[in-house]
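**Student:** Here it is, the structure, as structure tokens.
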Amino acid sequence: MSFEIAVERRLGDTRIALDLAGGPGLTALFGPSGAGKSSILNMVAGLLRPDRGRIAVAGETLFDSAAGIDLPPEHRRAGYVFQDGRLFPHRRVRDNLLYGWRLADPAHRWMTLDDAVDFLGIAPLLQRWPRTLSGGEAQRVAIGRALLSGPRFLLMDEPLSSLDMARRAEVMQVIERIRDALGLPILYVSHDRAEVDRLASQVVPLAPEGMADTQA
Amino acid sequence: MSPEEWQVILLSLKVSGVAVLLTLPIAFGLAWLLARGRFPGKLLLDALVHLPLVLPPVVTGWLLLIAFGPSGPAGRWLGLTLMFRWTGAALAAAIMALPLMVRAMRLSIEAIDRRLEGAARTLGAARWRVFLTISLPLAMPGLLAGAVLGFARSIGEFGATITFVSNIPGETRTIPIAIYGALQIPGNEAEVTRLAIIAVLLSLGALLVSELLARRMGPGRSGHVL
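Line order of the protein sequences matches chains A and B.
According to this note's numbering, the first sequence is numbered sequentially starting from 788.
According to this note's numbering, the second sequence is numbered sequentially starting from 122.
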């Protein structure tokens, strides 16, 4: 199993709970906004601590409240692509791309800057500042930054939602190529049925206040 | 300008420079604590940091006199003699500048998008590296603005200084104290005018620099010290 997640967390009045076993490929968490989809990704990344439960990816336990395991985010090797790109405004595109690459153990790097730049078609952007990028450009750079950090898996939080239709198609193709060509397990969050149908190997519905069941 | 006036100006620059450099890490630490910390007594700390801003300066000077006088705790146990020394003038200036510095820095720390820090963590950066590579550079314009503002405040410091370290040529006679002294004796209008012009230029320059730095806080954010 790529993703084994059984967590519970209370945030204000909302109880977020999920029990899923995701296979290889792209596992989509699908549900309305407010269902806690982003919180689930934050828990897998280590940015939000579950009240209890267990999170394992590709056989390695990242969090286990019973066993007292809680790897800090910098040791989880998650490639997190955020909804808003979240590029560092004080660094040029090139330095954004290399931020995680420079920190990664050389043995964990499986992509070079040149590979990523070719793969994503962002060569003309390298010297630009993030604030000068369009939404689609920023999102491709954010994907490149995540891939270059040598991740074992990807977390994608509505990576298409801030894009117009033309950019959507372009970034969606990139995600399909990551899924098929790189074979990286992806946990993908979306509220868009069409997007999920096209991309997902497996869909997990998530509703507020409820336990979600896996359906293939 | 006479050699005495040059001495006054250079001493003012030295006292203010040292005051700001020594206060910088303390002010940044306090600003960080007040912007990010959650602890009991935070409101009290906030009020204490701002106290020199509203307290009569003569009271601040008197408190320093008590603390650092020959029989005060700092004088007796630490063996520190700051009274009637330029170092005492620097301490008084530092305490008076601290609230302004903390305010400017705190605003810039609060303006940092914390989600960027989370993103850096997921990319493999430990907390200290996130601080050095993300938080500190993003807070830098505010940090510099605070330093310049503190420098300007130190140049103008009068009440606490004259109470604590008096008016000693070459040691504690800074620009405002020299102006005050010159005003006590008739016929010194020219000297007063020259020193006043210097004071205006230094203060105005520092304010402009600090406002320009604060405006450089980045796209989508606006910073002001004025």
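Glycine residues also receive a C-beta, built at the ideal position from the N, C-alpha and C atoms.
Is it buried or exposed for residue 254/B, if we count other Cβ within 10 angstroms and need 16 for buried?
**Tutor:** Classification of residue 254/B: buried, given that the 10 Å Cβ count is 16 or more.
**Student:** Could you confirm whether any beta carbon from chain B is found closer than 8 Å to the beta carbon of residue 975/A?
**Tutor:** It does not: the Cβ of residue 975/A has no partner Cβ on chain B nearer than 8 Å.
**Student:** Cα separation between residue 211/B and residue 233/B?
**Tutor:** Spanning the two alpha carbons is a distance of roughly 31 Å.
**Student:** Classify residue 944/A as buried or exposed, calling it buried when 16 or more other Cβ atoms lie within 10 Å of its own Cβ.
**Tutor:** Classification for residue 944/A: buried.
**Student:** State yes or no: is the beta carbon of residue 906/A nearer than 8 Å to at least one beta carbon in chain B?
**Tutor:** Closer than 8 Å: no.
**Student:** What are the start and end residues of each continuous beta strand (DSSP E) run of 3 or more residues lying completely inside the stretch 790-874 of chain A, in chain order?
**Tutor:** Whole beta strand (DSSP E) segments, 3+ residues: 790-798, 801-809, 813-817, 839-844, 847-851, 865-868.
**Student:** Look at residue 269/B and residue 327/B and say whether their C-beta atoms are less than 8 Å apart.
**Tutor:** Cβ distance < 8 Å, so residue 269/B and residue 327/B count as in contact.
**Student:** In chain A, which residues lie less than 7 Å from residue 258/B when you measure between Cβ atoms?
**Tutor:** What residue 258/B touches in chain A: 877.
**Student:** Check the Cβ of residue 927/A against every Cβ in chain B and list those closer than 7 Å, keeping chain order.
**Tutor:** Per Cβ cutoff of 7 Å: no residues; residue 927/A is ~16 Å from chain B at best.
**Student:** Does the Cβ-Cβ distance between residue 911/A and residue 876/A come in under 8 Å?
**Tutor:** No; because the gap between Cβ atoms is not below 8 Å, this pair is not in contact.
**Student:** In chain order, which alpha helix (DSSP H) runs of at least 4 residues are fully inside the stretch 273-310 of chain B?
**Tutor:** You should have 280-286, 296-304.
**Student:** By how many angstroms is the C-alpha of residue 927/A removed from the C-alpha of residue 979/A?
**Tutor:** The alpha-carbon atoms of residue 979/A and residue 927/A are separated by roughly 20 Å.
**Student:** Any idea which residues DSSP pairs residue 975/A with across the strands?
**Tutor:** Note: residue 975/A sits in a beta bridge opposite 815/A, 943/A.
**Student:** Counting C-beta neighbours from all protein chains within 10 Å, is the total for residue 740/A 16 or more, i.e. buried, or is it exposed?
**Tutor:** Absent from the model: residue 740/A. The displayed extent of chain A is 788 to 1003, so no value can be given.
**Student:** Pull up the DSSP beta-bridge partners for residue 926/A, would you.
**Tutor:** Beta-bridge pairing links residue 926/A to no other residue.
**Student:** Is there a C-beta anywhere in chain A that falls below 8 Å from the one on residue 237/B?
**Tutor:** Cβ-Cβ to chain A under 8 Å: yes for residue 237/B.
**Student:** Excluding the 5 residues preceding and the 5 following residue 1003/A in the sequence, name in chain order all residues of the same chain whose CB lies nearer than 7 Å to its CB.
**Tutor:** At residue 1003/A the pLDDT is 40, less than 50, meaning the model places this residue with poor confidence; the figure from the coordinates comes in the next sentence. Same-chain partners within the cutoff: 989.
**Student:** Is the Cβ of residue 994/A closer than 8 Å to any Cβ of chain B?
**Tutor:** No, residue 994/A lies away from the interface with chain B (no Cβ there is under 8 Å from its Cβ).
**Student:** In terms of residue numbering, what span does the alpha helix (DSSP H) encompassing residue 989/A cover?
**Tutor:** Unbroken run through residue 989/A is the beta strand (DSSP E), 989-992; no alpha helix (DSSP H).
**Student:** What are the start and end residues of the alpha helix (DSSP H) that includes residue 171/B?
**Tutor:** Element bounds for residue 171/B: 163-175.
**Student:** Say whether chain A places a C-beta atom closer than 8 Å to the C-beta of residue 263/B.
**Tutor:** No, no contact with chain A.
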